[in-house]
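Report on the structure given below.
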Ligand SMILES: Nc1ncnc2c1ncn2[C@@H]1O[C@H](COP(=O)(O)OP(=O)(O)OP(=O)(O)O)[C@@H](O)[C@H]1O
Ligand SMILES: [Mg+2]
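Chains as they are written, first to last, in my numbering: chain Y, 1 to 254; chain C, 1 to 338.
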């Protein structure tokens, strides 16, 4: 796997929120054509790490190297220009807006001309196409997102992230609210995206077995640090459970 | 055979009735529906009970009242949708024509003086917005402070007394003095703002900001910029309305505007279906809301109902329309789900 070119490297990322230190020096590497599984306790800093890579929050310190170049991300738009797409844990959908407006939120298709009016028809068509492509079944793209079930919403958020010409894809618990069939469809989609070969994918997950199944490499985060990192093939659910349990006992003893 | 045909016909009629009913339901599900019905009923009622209602003179007066509330409601609607409110806009309304007056007095051509007054109004909005989004002060508080601050400023520079609005009669006519000039401005602004809200990225991002603040910013929308921009817009529209009214009346009064016009504009927006909690609303709804309020007030005045009673009835009217709005909102949701 290490033969794949590196798409992104984060070095020694520290993030503090006032008194709380969410990340205490985290380094990760993402490679093209590879799926990185991120596991860890609640509050370990997984989402925070992701939000730093998407340009949503600046790190307190640390470096980000994207495509071989060090960058200081200015904004979500900046990160997106560099090919970074994501599905946030809270999905970042607007309930009162239609599915197609949500799919194109902040990168709307507009008519040419001085007023750049919204081209709703083009967005609607593109939305139908994209949802069809990735096999999401929804009665109408005109529906407001608040009318959808949790799993359907999640599918919309995933569809939004995989639509662009992304090179780095971050998914924060993309299967959390999904039924077995829908989760299967999303996993299929992610594996298909991996086949493209030029996309680096990171998934934050809670289900060990599922993660080992999909991911090429996994890391375990605990209390703001990476405590374990291995190729999926070289570890097992049992080993991961043992680590977490040992950690938990040590914490209780202290 | 005969029985069959009768059955068929009955089925036809019932399916037609059903189609009409469906259409009616589709209309009810639009945000402005309830308020349009209220407006129509009110106009019919006052026309039947009072022969002076649909006369040219009365319509003119009515249109002017509605125009002022409508223009301000356009701004407040945008602000409410993105989750904020501006209580100070009625004071900007009073201040702007004075800025124009003094600038003109200092030798600046009237058109430039007018633009200067609008720019100054915009700066007030910018301050409202900046304090609200950068310092995290709720806009209710920010603009309440600004309300008193600007009122003091207007009273100070005017020494508390009215002045004559400058300008030629022709210019004044265009800027609101001519019978239907003010409503023409209002309708033009409604059209532009409707397009902005429904057909531009700015409008969409305004809805997104009010609907899911964190989500919108995670999607990369600069929500601070959206909010601040809408504060500026509301202030400029408030200042512009004050200027229109100053031209229409011919004198510029430091006591004009204030909280009354602001609350009526907010009421118009809310009656028109804009959610006080943000995330939903329409410009056209605010316009119809202003029409309802204007018709109510005008109609009651014609019937000789005194001002105290009027406020009582308006208050009750606002409550009833808002309740029916919420009720119809529920119906809309149920209808959409099934
Ligand atoms: N905006 C914020 N302000 C203050 N503290 C924050 C903020 N965001 C996260 N934190 C804190 O940082 C720590 C890490 O949070 P984070 O959301 O990254 O955890 P996580 O690993 O994603 O957890 P989960 O599995 O529950 O999603 C937590 O203690 C959290 O309270
Ligand atoms: Mg998380």
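Backbone N, C-alpha and C fix where the C-beta goes; we use that ideal spot for every residue, glycine too.
Please read these numbers as outputs of a predicted model, since none were measured by experiment.
Residue i, DSSP secondary structure in three states
i: residue 3 of chain C; result: Low confidence applies to residue 3 of chain C: its pLDDT is 47, below 50, so where it sits in the model is not reliable enough to give any reading.
i: residue 338 of chain C; result: Any reading at residue 338 of chain C needs caution, since the residue's pLDDT is 32, under 50, leaving its predicted position unreliable; the model's value is listed next. Coil, per DSSP.
i: residue 240 of chain Y; result: helix
i: residue 254 of chain Y; result: coil
i: residue 230 of chain Y; result: strand
i: residue 32 of chain C; result: coil
i: residue 29 of chain Y; result: strand
i: residue 7 of chain Y; result: strand
i: residue 38 of chain Y; result: strand
i: residue 225 of chain Y; result: strand
i: residue 84 of chain C; result: coil
i: residue 160 of chain Y; result: helix
i: residue 23 of chain C; result: helix
i: residue 137 of chain C; result: coil
i: residue 178 of chain C; result: coil
i: residue 71 of chain Y; result: coil
i: residue 208 of chain C; result: helix
i: residue 14 of chain C; result: helix
i: residue 121 of chain Y; result: helix
i: residue 249 of chain Y; result: helix
i: residue 110 of chain Y; result: strand
i: residue 44 of chain Y; result: coil
i: residue 116 of chain Y; result: coil
i: residue 173 of chain Y; result: coil
i: residue 168 of chain C; result: coil
i: residue 91 of chain Y; result: coil
i: residue 231 of chain C; result: helix
i: residue 149 of chain Y; result: coil
i: residue 136 of chain Y; result: coil
i: residue 77 of chain C; result: helix
Residue i Cβ short of 6 angstroms to ligand 2 heavy atom set
i: residue 46 of chain Y; result: yes
i: residue 89 of chain Y; result: yes
beta-carbon residue i near ligand 1 non-hydrogen atom, thresh 6 angstroms
i: residue 42 of chain Y; result: yes
i: residue 17 of chain Y; result: yes
i: residue 22 of chain Y; result: yes
Chain-ordered chain C contacts of residue i [CB-CB under 9 angstroms]
i: residue 110 of chain Y; result: 200, 201
i: residue 105 of chain Y; result: 204, 205, 208, 215, 216, 219, 220, 221
i: residue 118 of chain Y; result: 198, 199, 200, 201, 203, 204
i: residue 76 of chain Y; result: 217, 218, 219, 220, 221
i: residue 90 of chain Y; result: 212, 214, 215, 218
i: residue 101 of chain Y; result: 204, 207, 208
Beta bridge counterpart(s) of residue i as assigned by DSSP
i: residue 61 of chain Y; result: Y:14
i: residue 353 of chain C; result: As shown, chain C starts at 1 and ends at 338. That puts residue 353 of chain C outside it, with no answer to give.
i: residue 98 of chain Y; result: Y:144
i: residue 200 of chain Y; result: Y:168
i: residue 114 of chain C; result: Note: residue 114 of chain C sits in no beta bridge, so no partner.
i: residue 66 of chain Y; result: Y:8, Y:69
i: residue 197 of chain C; result: In the DSSP output, where bridge partners are listed per residue, residue 197 of chain C has none listed.
i: residue 23 of chain Y; result: Y:15
i: residue 339 of chain C; result: Limits of chain C in this structure are 1 at one end and 338 at the other, which puts residue 339 of chain C out of reach.
i: residue 84 of chain Y; result: Y:168
i: residue 217 of chain Y; result: Y:36, Y:231
Under 8 angstroms by beta carbon: chain C residues contacting residue i
i: residue 95 of chain Y; result: 211, 212, 279
i: residue 80 of chain Y; result: 220
Under 9 angstroms by beta carbon: chain Y residues contacting residue i
i: residue 245 of chain C; result: Residues of chain Y passing the Cβ test: none, with the nearest at roughly 30 angstroms.
Partner residues on chain Y for residue i, Cβ-Cβ distance less than 8 angstroms
i: residue 207 of chain C; result: 94, 96, 97
Interface flag, residue i vs chain D, CB-CB below 7 angstroms
i: residue 17 of chain Y; result: Judged by its chain identifiers, the structure shown contains no chain D, and its protein chains are Y and C.
Residue i beta carbon near ligand 4 (any heavy atom closer than 6 angstroms)
i: residue 132 of chain Y; result: With respect to small molecules bound, the structure shown includes ligand 1 and ligand 2 and not ligand 4.
Tell me which residues of the region 257 to 285 of chain C have at least one Cβ-Cβ distance to chain Y shorter than 7 angstroms, keeping chain order. Per Cβ criterion, the list reads 279, 280.
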